[in-house]
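S.K.: This is the structure I want to talk about, given as structure tokens.
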Amino acid sequence: MRWLALVVAVLLAACSTEVPGTPAPKPALAAASPLELRFVVEAEGNVLKDKAGVSYRVGPVVLVLAEFTKASVGYAPASGHHVRLELPDDEAAKFARFTMENVGKQVAMVVAGKIAFAPVIERPVSGGVIQLDGEFTAVQAQEIVDAIKGGS
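Under mature numbering (1 follows the signal peptide of the UniProt record, and there is no 0), the residues of the sequence shown are numbered -21 to -1, 1 to 131, in order.
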């Protein structure tokens, strides 16, 4: 019986798709509150506010990022607190394509119905990492991460 268990274990290991030396992809975590991207518009649209109370008129949702491999708060002396979102490969590809096609446009990044950040896309963003630098306090940055993760 031990011999049979050993054979099954060896066969299962041989069926693995993992390539030696290649890191396994990080597991994606479903967001409790996805990151919605909406263009900031001048004409008709919904009005949403950011953390400072600034109102933006936004169009409909154009992209939803609903899975992240990591969502965290960071700090850099030059820019202060920021939110760092790491995307799985499929979401990273969608975001890279979106930013490539929309350079020069202002987009509101909405979490739980509030604008977390409303940057102008300056260049395509590839690599699967979104860093929101917006003069956040530590509490504001953590609130965004908690909304995405579903924590409190």
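Think of the CB as a built atom: it goes at the ideal place given N, C-alpha and C, for glycine as much as any other residue.
Computed from a predicted structure; not experimentally measured.
1. So who's on the other strand from ASN25, going by DSSP bridges?
2. Which residues in the same chain as VAL104 place their Cβ atom closer than 8 Å to its Cβ, once the five residues preceding and following it in sequence are excluded?
3. Checking the sheet assignment: what are the DSSP bridge partners for LYS93?
4. To the nearest angstrom, how far is the alpha carbon of LEU42 from that of GLY53?
5. Let's test the definition: count the other Cβ atoms within 10 Å of the Cβ of ARG102 and tell me whether it reaches 16, buried, or not, exposed.
6. Going by the CB atoms, is the gap between VAL86 and ALA97 shorter than 9 Å?
M.R.: Well, looking at it:
1. DSSP lists VAL37 as partners of ASN25.
2. PHE74, ALA75 and THR78
3. In DSSP, LYS93 forms a bridge with VAL90.
4. Whole-angstrom Cα-Cα distance: 25 Å.
5. Burial call: exposed.
6. yes
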